[in-house]
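What follows is a set of notes on a single structure, which appears directly below.
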């Protein structure tokens, strides 16, 4: 059923101001499934209409799969919540049709600075090389991100968005699951071949499945304050250790759209969360940072505790967990929402192939293998950052302070300082879907890595395009040279031939490597070939490919 007919949301409101978007109350609409004699059968039910659930639903719908999305709420996020969206997330959202509005609205940044007490220690650049379409990060309030995703979902007839629909029971079977859904007009039941749980860190579905998350909760608390003000601070990530305006603790400052600034204040474990959220306790902290005469308005505040947790397994038969429902990390490093969107990308293409009968259901198990590995990497980096930011022993504090002192002058010490290693996509080098190299390649674009972008041009077209935008929705073969005849016979594979500027055969190429960056980053020579998965990860590469080798790699990548 067309979501446009079941969800009365004004698209103008979704493009409105922060106040407009946060005030949207999405009306409940009765669905025909509620009047059915027996539970209606659906291929895919996504539970949770946050950034992860919406990204997953859009990806599946663009691949031709009908999706029901259930959400127990009637509004988008309030408060900025997740704000730092990484280059990789933007590249995924480009494919889903929402990347450009996110970038247009967001605040782009690459630079960060680290301070100790009242002195600047050093700065770092998260995207030090040219030749990428997207910045290292944008800052964008979560309610804006959700609004763009909802707007896109409403454009896709295969997405059925149902608000005020709360899942209260789940009965898994070998061939799917039956869900009991509570609405303002009572309960109804639906049947799903696959249930995708994207219902957040408190995940009711996790509880209904009798599952838990395990890990570590850190004995510290932080205050988030969103402050609206006009300020001359540059668009950078600023992190202070032991600043004079908040002695003995740490502070993080980020710029967001609409002249809103995110400030994180470390509070310590003994802080009372309810007391710390009161404006009379927040405002003095902000004035200490900005100056007693600063003109600002407090928009939103929350207190959180650091935690690094994950489920033991993300795949439970036909019920699959993604995003915060599957794993959670401390916020420094922007690893939560970004890793969740990467979960969605990993799962969507695999489930699409299974639903089409192009792969066995065992392919979904590799989602668990790959994304559990990525979650462990995120948790490891987040834990190290947390331990450095909030040392729990005198020895740890002495080590941290010594590293900070040395970082003023020495590069090696700057690599030790950890104010939150910023999110980058995991390289899935041990994935069972990879075909190991049989020849020597240099660089980081090994099987399991996300393909690095590069500027391109179509022959006869003066406009710059980008390598990632040229890839197909399924598997893609990149040929640095002409496409072999046998490659054109491969079903479901897009072939792209890449030539350097000035090659004698450029008129026959699909893409021109205008700056030579693609060849450089992929260590490509004439004849080199890369096989890319639908989620733009490298899964095999050759210096001189042959048909048998490529077919074997395709079979391995989608068994």
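Residue numbers (the UniProt record's numbering): 1 to 559.
Glycine included, every Cβ here is placed at the ideal spot set by N, Cα and C.
Contiguous beta strand (DSSP E) elements confined to the segment 225-284 occur at 237-241, 250-256 and 260-266, taking only those with 3 or more residues.
If only complete runs of 3 or more residues are kept, the segment 285-322 shows the beta strand (DSSP E) at 297-311 and 319-321, in order along the chain. Checking the DSSP bridge columns, you'll see residue 497 partnered with 479. Rounded to whole angstroms, the Cβ separation of residue 103 and residue 134 is 7 Å, and the two are in contact under 8 Å. The segment 306-318 and the segment 214-226 touch, with three or more beta-carbon pairs separated by less than 8 Å. In the structure shown, residue 102 falls within a helical segment according to DSSP collapsed to helix, strand and coil.
Per DSSP, reduced to three states, the secondary structure at residue 35 is helical. The shortest C-alpha to C-alpha distance from residue 499 to any of 490, 511 and 293 is the one to 511. Taking the Cβ atoms as the reference, residue 156 lies roughly 12 Å from residue 98, outside the contact range of under 8 Å.
In its chain, beyond the 5 residues on either side, 222, 224 and 252 have a beta carbon closer than 6 Å to the beta carbon of residue 264.
A contact is defined here as three or more CB-CB pairs under 8 Å, and the segment 392-405 fails this definition with respect to the segment 347-362. Scanning its chain for C-beta atoms nearer than 6 Å, with the 5 sequence neighbours on each side dropped, one finds around residue 45 the residues 68, 192 and 195, in chain order.
Looking at the backbone, the Cα of residue 314 and that of residue 517 are separated by about 37 Å. Taking the Cβ atoms as the reference, residue 344 lies roughly 4 Å from residue 55, within the contact range of under 8 Å. Its Cα nearest to that of residue 523, the residue 480 stands out among 493, 556, 495 and 480. Pairing residue 289 with residue 243 gives a Cβ-Cβ distance under 9 Å. Runs of the beta strand (DSSP E) spanning 3 or more residues and lying entirely within the segment 404-428 do not occur at all. Non-local C-beta neighbours of residue 267 in its own chain, meaning closer than 8 Å and more than five positions away in sequence, comprise 220, 221, 222, 223, 249, 276 and 303, ordered along the chain.
Here residue 428 really is in contact with residue 373; their C-beta atoms are around 7 Å apart, less than 8 Å. Within the same chain, 559 come within 8 Å of residue 362 by CB-CB distance, once the 5 residues on both sides are set aside.
Membership of residue 137 in the beta strand (DSSP E) is indicated by the continuous run 137-139.
Here residue 239 is buried: its Cβ has 16 or more other Cβ atoms, across all protein chains shown, within 10 Å. Note on residue 324: 16 or more other CB atoms within 10 angstroms of its CB, so buried under the neighbour-count rule. For residue 245, the closest alpha carbon among the candidates 285, 14 and 272 is that of 285. Per DSSP, residue 45 is one residue of the beta strand (DSSP E) stretching across 40-47. DSSP places residue 83 outside both helix and strand once states are collapsed to three, so it counts as coil. In this structure, DSSP gives residue 119 an extended state, which the three-state scheme calls strand.
About 6 Å separates the CB atoms of residue 200 and residue 48; that is less than 8 Å, so the two are in contact.
436 is the residue among 487, 174, 436 and 27 whose C-alpha sits nearest the C-alpha of residue 539.
Residue 494 sits close to residue 477, with the two beta carbons spaced by under 9 Å. Counting along the chain, the unbroken beta strand (DSSP E) around residue 166 starts and ends at 166-173. If you compare the alpha carbons of 432, 73 and 38 with that of residue 166, the shortest gap goes to 73. Counted as a single uninterrupted DSSP element, the alpha helix (DSSP H) harbouring residue 206 occupies residues 204-208. With fewer than 16 other CB atoms across the displayed protein chains lying within 10 angstroms of its CB, residue 128 is exposed. The C-beta distance from residue 342 to residue 83 rounds to 17 Å, too long to meet the 8 Å contact threshold.
Secondary structure note for residue 339: its alpha helix (DSSP H) is the uninterrupted segment 336-355.
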